[in-house]
Structures are given as structure tokens and as C-alpha cells.
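Visitor: Sharing a structure with you now.
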Amino acid sequence: MRIEYNFAFFDEGSKREIRRATLKAVAIPGYQVPFASREMPIARGWGTGGLQLTLSLVGKEDILKVIDQGSDESVNAVNIKKLIIKTTGIKVTDETSEATIIQSRHRIPEIPLQAGQILVLQVPLPEPLRYYEPSELETKKLHAEQEYSGAWLMLFEQIMNYGTMSTGADHPAMVHDRYVMAPSPIPRFDNPKLNHSQALILLGAGREKKVYAVPPYTRVESLAFEDFSFEVESFQDKCCGLCGAKGVFLDEILDDLTGETFHQCNDTSYCLQRLNQKSAG
Amino acid sequence: MKLDLVHDLQEVYRKTLDSMSRPGLICNIQDQANKVAKEISNFNSAVLALILMLFDTEVKFKVCSKHEAEIVELINQLTYAKVTEIESADFILILGDADPEEIKQVFNATCPGNLRDPHKAATIIIEADSVSNDRDLTLIGPGIEKESYILVKTSHSWVDLRADKNSEYPLGIDLIFTDGNANILCLPRTTQIVQEVAG
Ligand SMILES: [Zn+2]
Chain L
104 MRIEYNFAFF
114 DEGSKREIRR
124 ATLKAVAIPG
134 YQVPFASREM
144 PIARGWGTGG
154 LQLTLSLVGK
164 EDILKVIDQG
174 SDESVNAVNI
184 KKLIIKTTGI
194 KVTDETSEAT
204 IIQSRHRIPE
214 IPLQAGQILV
224 LQVPLPEPLR
234 YYEPSELETK
244 KLHAEQEYSG
254 AWLMLFEQIM
264 NYGTMSTGAD
274 HPAMVHDRYV
284 MAPSPIPRFD
294 NPKLNHSQAL
304 ILLGAGREKK
314 VYAVPPYTRV
324 ESLAFEDFSF
334 EVESFQDKCC
344 GLCGAKGVFL
354 DEILDDLTGE
364 TFHQCNDTSY
374 CLQRLNQKSA
384 G
Chain W
12 MKLDLVHDLQ
22 EVYRKTLDSM
32 SRPGLICNIQ
42 DQANKVAKEI
52 SNFNSAVLAL
62 ILMLFDTEVK
72 FKVCSKHEAE
82 IVELINQLTY
92 AKVTEIESAD
102 FILILGDADP
112 EEIKQVFNAT
122 CPGNLRDPHK
132 AATIIIEADS
142 VSNDRDLTLI
152 GPGIEKESYI
162 LVKTSHSWVD
172 LRADKNSEYP
182 LGIDLIFTDG
192 NANILCLPRT
202 TQIVQEVAG
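Order-wise, the sequence lines are chains L and W.
Note that this note's numbering has the first sequence beginning at 104, numbered continuously upward.
Note that this note's numbering has the second sequence beginning at 12, numbered continuously upward.
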């Protein structure tokens, strides 16, 4: 038996609702717009929010790239691609520059995004104030009043305790001088790519049923203090052991045989593209 | 060809999203509007394409036109959206033949959202005589690299009404203009219109 799917899986009513929410999200950069999240045929935590955004966007002419923690070939990325291919028949790619929609978890690609592309980021925890305020009603009030002293205090305590803003991933950012936003668990290294991006960036949280947006050419400033500035992860003078790239986000890998560590591009398609160029040139 | 409710409306959405993300960018939905026009000819087909993309039972709307009653009935039949008063409308249509006094009333009374829920603000769809990138109004704000230029020809003025309504960001209304050539131009509340000094 052949099961007939709706194009892009969703019924049109579900798409309409996400589309209306997305248009409002673009009009209020960094503000979390609630929407009625649908049940998805993948486990929660896989990035249902991102997937729902992608499904509401995708058309026959789109070319899709899906990456999970820098990899196009992870189980998550492959399964999301399978679902979208099965219900749309569209083309997928690993090449960042070729894609019209890029759905990603935990990274923004190394190759700069262009106008005409849409980056969809999967968000597990959309509320940047949740660390210190458990109530949704209260966090909504704090955003309404632009009362972000708690977010600053949180960073300050980290500096006091660790001597550094050890936020790791998901370092909060101020969008269009109004809303503090969780950029999703991207490394701090990727935060600057949100600022004045050429591409539209949409962020979707399935469990908390929120969509928010960073339009192109929008000011996104990572929270920091005047005497304690925001710093991205530093790889010093290290470079990728495979392609030699510097100034990109590197993973540290332990060689089981030699016991030595080496570094490798976290963005695997970027690394592969460089290797291919090298062998061709 | 008949309007494809899946693929044609997906294209209308992406173009609207593109225009909303890049204020001043004019997108065209003539192909989709033409298909709408073949089925319903007595109404601006680009406006109707937008309505089909956005409206359903969840939506409350208001129409400002000399032919309000007919149009309300048509929209309700097509989308099951509910007609309401200006204050509680999610979407307000200002058509080319709308009464200027009523337009003022719309801008005054329409919902700009509230600080807890700024997304509950209305979106106003305005049928213009024409929209272009001729250098009349200068736009700055999110979505615009430096500045962009637009010329929106309407029988009524709206620039000052909009500025008054949108003076307390994040409260404010979002505008979508269309014209007879099925162009779309969006002005989200973040867009600032800079009055150019003459000369
Ligand atoms: Zn590499």
C-alpha cells in the first residue's frame, strides 16, 4: 500500500498558522511568538520546531541542507532529510552555498550565508530568562518591561565563579536593542554571524511552541560587560588536521591509537569542500 | 490554470515573507493572482491571494470598502474567517475605494498588541494604486542594509497615521501593500520612514 502524504507533510491549516506566526516574528525581531505546535512523526528533542518551520516554508523549487552539530550525515540530519524528501520530492544538498533553506542544530555554517537563503535553527529552550525564572507568565512580563537585569546578573555570577563568561553555547544576545534572545545552542563562535546577517534567520522551538526571527541586517549583540567583553571560543593558532583551515570552529579529536589529540573542522561539508578543492587544484 | 492551494499559496507566502524580511523589497505574485482572477473576477486578485494564504477559521477580519458587505461574504465563504470590528481584527483590508475617514478610524482604533503580546497586533493589507522603488520615502530599520526607497500611490495618506500608531515599539501595526500589478510591499512596525529634506 502506498500512503499518500500531504505536500510537506502538514495540512494547509497547520502551515497557515506557522506562517502567520512567522510573519509576526519577523516584524518583532527576537520576540518569541507562540504557535500551536503539531505532533510530528519524530521524537521531540530532534528539533520539531525547526522541522515545522522548514515544512511551512518549503516549495518545489527549494534546495535543502540539514545539519546537526556541523554534520550533514548524522542520524538526525539524515532522518529529517528523509522525511522532507519523502513528502516533497525536493532536492537536498550538503553544499551551503547551493541551499535555499538550511535547517541546523547547534551550528551556523562556516560559509557566509547569502541573501535569498533562509537559516532555520532548531531551538530546545527558547526562553533565555528561564535559568532564573521558571514561570512563563513572569518571563513574559520581564520581556514586556525590558527587565533584563537577571540575565546580566547571571553572566556576572559566572564571571565571579569561573573568571570567564562560561556560557558555552546559547550565549544570550540582544536583538534590535529590545529583546534578549536565546540564539539556540550554537557556540559563542557563531553568535557574531547573527549580527547583520544577509540571510533571514528563523528559530523554532517545538516543545515550547515558539517561533522567533532575526531579519537580515538586524543588530544582534551578545550580552557582555564593558570591562568584560564577549569572546568567542579561541582555538589559538590551531588548524584543521584534514584541510588546514584556521579561524573556523574546530572539534578536538582523540586518536585512540596514538593517544594524541588533533583538531578538525566541526562543519564537515566545509572541510570536505576544501579538501575537494585542494585535490582538484 | 486553476490556483493550486498548496504550491501557489506557498509561493505567495515566501514572497510575502521575503518582503516582510526586507522592507522596500517589492515581490510580485502576478502568476498566482491571475489564477485567482480566473475563478473570482470582481475583486483584487492579489489581495485575494494573500487572504487565501493567511485566513482561516482562526482569523478575525474587517473590510473597509464601499462594497464591504459583498466582500465580507466572499471572504467568509472562501476561508471561514470571521468578520469583526476594527479593534479586534487580526487583519484589516483597506481597499482602494475605502472612505478616508474610515481609514483614519482604522489607524486610530486598530490593535497595536500589548507589551506582553505584541504579536497580537493587527496586520493591515492596503490596496494601493501602485507601489514602486521610486525615490519618494526613505526606509531604515531591520531588514534594510543601509536604506531603501519606495513610492506608494494611494488615494489617502497613511504615513503620519502609521507613525503615530507605531510610536511605541514593540507595539505597532504591520502593513502589506498590494497594487493592480500584484506587487507586494511590506512595512513591518520596525521600519522607520525618514522624511527627506526637500532639495
Ligand atoms: Zn577542515
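All C-beta atoms, glycine included, are put in the ideal place defined by N, C-alpha and C.
Remember, predicted model here, so these are calculated numbers, not experimental data.
Identify the contact partners of W/E156 in chain L, using a Cβ-Cβ distance below 7 Å as the criterion.
Guide: In chain order: Y320.
Visitor: With DSSP run on the structure shown, which of helix, strand or coil describes L/P401?
Guide: As displayed, chain L neither begins before 104 nor continues past 384, which places residue 401 of chain L out of reach and without an answer.
Visitor: Suppose you measure from the CA of L/M104 to the CA of L/G307; what does that come to, to the nearest Å?
Guide: Note on L/M104: pLDDT 48, under 50, position unreliable in the model; no value is reported.
Visitor: Using 9 Å as the limit for Cβ to Cβ distance, is L/I188 near chain W?
Guide: Not an interface residue.
Visitor: Does L/G162 get closer than 9 Å to chain W when you measure Cβ to Cβ?
Guide: Answer yes: the Cβ-Cβ gap between L/G162 and chain W drops below 9 Å somewhere.
Visitor: What three-state label does DSSP hand L/A276 in the structure shown?
Guide: L/A276: strand per DSSP, three-state reduction.
Visitor: Which residues in chain L sit within 7 Å of W/S159, going by Cβ to Cβ distance?
Guide: In chain order: nothing, as chain L lies at least about 10 Å away.
Visitor: At 7 Å on the CB atoms, spell out the chain L contacts of W/S32, in chain order.
Guide: Ordered by position in chain L, the residues that pass the 7 Å Cβ test against W/S32 are V129, L303, P318 and P319.
Visitor: Under 9 Å Cβ-Cβ, which residues of chain W neighbour L/G152?
Guide: Per Cβ cutoff of 9 Å: no residues; L/G152 is ~16 Å from chain W at best.
Visitor: Within the same chain, show all residues whose beta-carbon is closer than 8 Å to that of W/E22, passing over the 5 residues directly before and after it, in chain order.
Guide: Answer for W/E22: I40, D42 and Q43, listed in chain order.
Visitor: Could you tell me how far apart the beta carbons of L/I86 and L/V223 are, in whole angstroms, since I believe they sit closer than 8 Å?
Guide: Any property of residue 86 of chain L remains undetermined from this structure, which presents chain L solely from 104 to 384.
Visitor: Report yes or no: do the segment 26–34 of chain W and the segment 121–134 of chain L share at least 3 C-beta pairs separated by less than 8 Å?
Guide: Touching, yes, given that three or more Cβ pairs across the two stretches are closer than 8 Å.
Visitor: Taking beta-carbon pairs under 9 Å, can you tell me which members of the segment 191–222 of chain L lie near chain W?
Guide: Taking 9 Å as the Cβ-Cβ cut-off against chain W, the residues of the segment 191–222 of chain L that qualify are A218, G219 and I221.
Visitor: What residues of chain W sit near L/V136, judged by a beta carbon separation below 8 Å?
Guide: Those are H130, listed as they occur along chain W.
Visitor: Report, in whole angstroms, the separation of the C-beta atoms of W/T95 and W/K71, which I expect to be a contact under 8 Å.
Guide: Right, the Cβ-Cβ distance comes to about 4 Å (below 8 Å), so this counts as a contact.
Visitor: Does the beta-carbon of L/R210, which I'm using as the reference point, lie nearer than 8 Å to any heavy atom of ligand 1?
Guide: Checking every heavy atom of ligand 1 against the Cβ of L/R210, none is found closer than 8 Å.
Visitor: Please confirm whether L/A302 and L/Q217 have their CB atoms less than 9 Å apart.
Guide: Against a cut-off of 9 Å, the Cβ pair of L/Q217 and L/A302 comes out as a contact.
Visitor: At a cut-off of 8 Å, is L/Y315 close to ligand 1 when judged by its beta-carbon and the heavy atoms of the ligand?
Guide: For ligand 1, not one heavy atom lies less than 8 Å from the Cβ of L/Y315.
Visitor: Which residues in chain W sit within 8 Å of L/R233, going by Cβ to Cβ distance?
Guide: Here the premise fails: no neighbours, minimum Cβ distance about 17 Å.
Visitor: With 9 Å as the threshold, decide whether the Cβ of L/N179 is near any Cβ in chain W.
Guide: It does not; no Cβ of chain W falls within 9 Å.
Visitor: How big is the Cα-Cα spacing for W/A174 and W/L182?
Guide: Rounded to the nearest angstrom, the two C-alpha atoms are 12 Å apart.
Visitor: Please classify L/M284: does DSSP put it in a helix, a strand, or coil?
Guide: Strand.
Visitor: Would you mind sorting L/G150 into buried or exposed? The rule is 16 or more other CB atoms within 10 Å of its CB.
Guide: Buried, by the Cβ-count rule.
Visitor: Leaving out five residues on either side along the sequence, give the residues of the same chain with a beta carbon under 6 Å from the beta carbon of L/V169.
Guide: If we look at L/V169 and ignore the five residues flanking it on each side, its Cβ neighbours are A180, I183, K184 and Q206.
Visitor: Would DSSP call W/N194 helix, strand or coil?
Guide: It is a strand residue.
Visitor: Hey, would you say L/E213 sits closer than 9 Å to L/A348, going by beta carbons?
Guide: A contact, by the Cβ cut-off of 9 Å.
Visitor: Between W/D140 and the rest of its own chain, which residues show a CB-CB distance below 8 Å, the 5 nearest in sequence each way excluded?
Guide: Hits under 8 Å: G107, K164, T165, S166, D190 and G191.
Visitor: Any Cβ of chain W within less than 9 Å of the Cβ of L/Y265?
Guide: Chain W, which has no Cβ nearer than 9 Å to the Cβ of L/Y265, makes this no.
Visitor: Helix, strand or coil for W/H18, going by three-state DSSP, please let me know.
Guide: Helix.
Visitor: Does DSSP put L/N109 in a helix, in a strand, or in coil?
Guide: Strand, per DSSP.
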